[in-house]
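Working notes for the structure below.
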Amino acid sequence: MEFVVEEGKSLHEECSTLILPGLSIGNVGQLAVDLLVPSTGAERIGYLDDPNLLPCVGNDAYLPSPQGDLALPLEAYDSTSNSLTLIQQRSPVVKGMMIEFAKNVADFAAASGKKHIVLLSSLDFGRWQTIDMSSGLQIYYLSSASVDGTDVDCERLGWKRLQEYNPAQRMWKYLSTLAEGNAELDDDMPSEDELGEEDYCPSLPFAAMFSCFKHRRTARTGNPSRGPDHRPEKRKVEEREGGNGEERKMGKLGGEEMGKRRRGEEGGGGGGPPPPDLDLAKGLKVTCLLCYCSEGDNISEAFQLADAACRLLDIDPNNFHGNAGGKWIVPFSWQTVYGPPPDMSLF
-8 MEFVVEEGKS
2 LHEECSTLIL
12 PGLSIGNVGQ
22 LAVDLLVPST
32 GAERIGYLDD
42 PNLLPCVGND
52 AYLPSPQGDL
62 ALPLEAYDST
72 SNSLTLIQQR
82 SPVVKGMMIE
92 FAKNVADFAA
102 ASGKKHIVLL
112 SSLDFGRWQT
122 IDMSSGLQIY
132 YLSSASVDGT
142 DVDCERLGWK
152 RLQEYNPAQR
162 MWKYLSTLAE
172 GNAELDDDMP
182 SEDELGEEDY
192 CPSLPFAAMF
202 SCFKHRRTAR
212 TGNPSRGPDH
222 RPEKRKVEER
232 EGGNGEERKM
242 GKLGGEEMGK
252 RRRGEEGGGG
262 GGPPPPDLDL
272 AKGLKVTCLL
282 CYCSEGDNIS
292 EAFQLADAAC
302 RLLDIDPNNF
312 HGNAGGKWIV
322 PFSWQTVYGP
332 PPDMSLF
């Protein structure tokens, strides 16, 4: 993965929290990031180029008048006033390469000095086991703060831990093994068509990213966007070696890269010692914020998920200067998300 800095821009060290979406049903995580970018006054500082993402290009998503800027698959924005970096992902990951992509993003986060990762994603309403709509939309969470995924701060906010998370369950365990780079061929793991109810959550992108962030060591110093002369330039966050070509079976998370061994920077992988700028004591702190939804118009869910991220990070949306009489700035691109309203003369 390469991080390409825009001319005259750079990563800001004070932006120690990273918010990004986990692609899933209804695109709620992406819509929530779409709200947060303009509302927090974030400016684009560059983009990430990863071979595991499908290519795409489009018009600027936020400005009402064209400035000649193109939207790319993976872009980084900094909101210095809120100490935030936001990453927007606009295209899906190549099938079978989710783990490798998640490792690349985790490496970027660690190399750029991020301390807290907030993942925004959604779950299929049709798979909700215990439906409780008594208090409206429920926010669920999953945290690396403890082994069982609980977090005191999230509980204090009234959110419920994702009940489907079980670190001892086979798929979650296998996912952690893949994230650590210690996977071995396991023909007993189910294919995508064989996934059971208990395998649904660990098969989603947010689960792969959660595991990879959790196992990625934090960087003490360093800026992946700057060279020795401190001029913005391209730099590869990490180069990866080829695997043994064996294909691992893990549904959506399977693929050729599953058998790859990480180089010496990961424990148990052999090779040389880890780089000196990595803290071996712990991985990155990561919090997943999730909601159940169905396909369709999920703008209301996006507002609530974005608001949940602000509550977690103690950011007051009332300080935003919304463009529709409210606190949020609605992206210009949303005007064409679902097309024009129906002709009321038909009814």
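One point on numbering: in my numbering, the residue at position 147 of the sequence shown is 138, and numbering is uninterrupted.
All C-beta atoms, glycine included, are put in the ideal place defined by N, C-alpha and C.
Pairwise C-alpha distance: residue j and residue i
i	j	result
TYR38	ALA198	23 Å
GLY104	VAL143	24 Å
PHE201	SER336	49 Å
LEU77	VAL28	7 Å
THR168	GLN79	27 Å
PHE311	CYS6	18 Å
ALA97	SER112	17 Å
PHE338	TYR329	20 Å
ILE306	SER74	10 Å
ILE108	LEU275	7 Å
GLN21	PHE294	11 Å
LEU148	LEU128	14 Å
ALA93	ASP334	44 Å
ILE320	ASN173	44 Å
ALA297	SER135	20 Å
LYS106	VAL48	30 Å
GLU66	LEU303	23 Å
LEU110	PHE99	15 Å
GLU(-3)	ASP288	34 Å
LEU26	SER56	18 Å
Cβ neighbours of residue i in the same chain (closer than 8 Å, five flanking residues each side left out)
i	result
GLU248	Low confidence applies to GLU248: its pLDDT is 36, below 50, so where it sits in the model is not reliable, and the reading given next is rough at best. Here the set comprises GLY87, MET88, ILE90, GLU91 and GLY234.
VAL(-5)	GLY37, TYR38, LEU39, ASP40 and LYS225
PRO46	PRO64 and SER82
THR31	SER70, SER72, ASN73, LEU75, LEU77, ILE306 and PHE311
Under 8 Å between C-beta atoms of residue i and residue j
i	j	result
CYS301	GLU292	no
VAL19	ILE10	no
ALA62	ASN50	yes
GLN160	GLU189	yes
PRO196	SER15	yes
GLY13	GLU286	no
TYR131	LEU153	yes
Close beta carbons around residue i, own chain, < 6 Å, minus the five adjacent residues each side
i	result
ASN309	LYS318
GLY261	Annotation note: pLDDT 41 at GLY261 (below 50); position unreliable, coordinate value reported separately. Taken in chain order, the list of residues that qualify is empty.
TYR156	LEU133 and GLY140
LEU114	LEU281 and TYR283
ALA52	ALA62, PRO322 and SER324
ARG118	TYR191
ALA170	SER202, CYS203 and HIS206
ASN95	MET(-8) and ASP41
Spatial neighbours of residue i in its chain, beta-carbon cut-off 7 Å, leaving aside the 5 residues before and after
i	result
HIS3	ASP69 and THR71
GLY59	none
PHE116	TYR283, CYS284 and SER285
GLY313	TRP319 and ILE320
ALA299	ILE130 and LEU280
Nearest-angstrom beta carbon gap, residue j and residue i [assumed within contact, 8 Å]
i	j	result
THR278	CYS145	7 Å
LYS151	PRO158	Actually they do not touch by this definition, with Cβ atoms about 17 Å apart.
VAL84	LEU44	6 Å
Decide if the region 29 to 43 is in contact with the region 129 to 140; the criterion is three or more beta carbon pairs, one per stretch, under 8 Å apart. no
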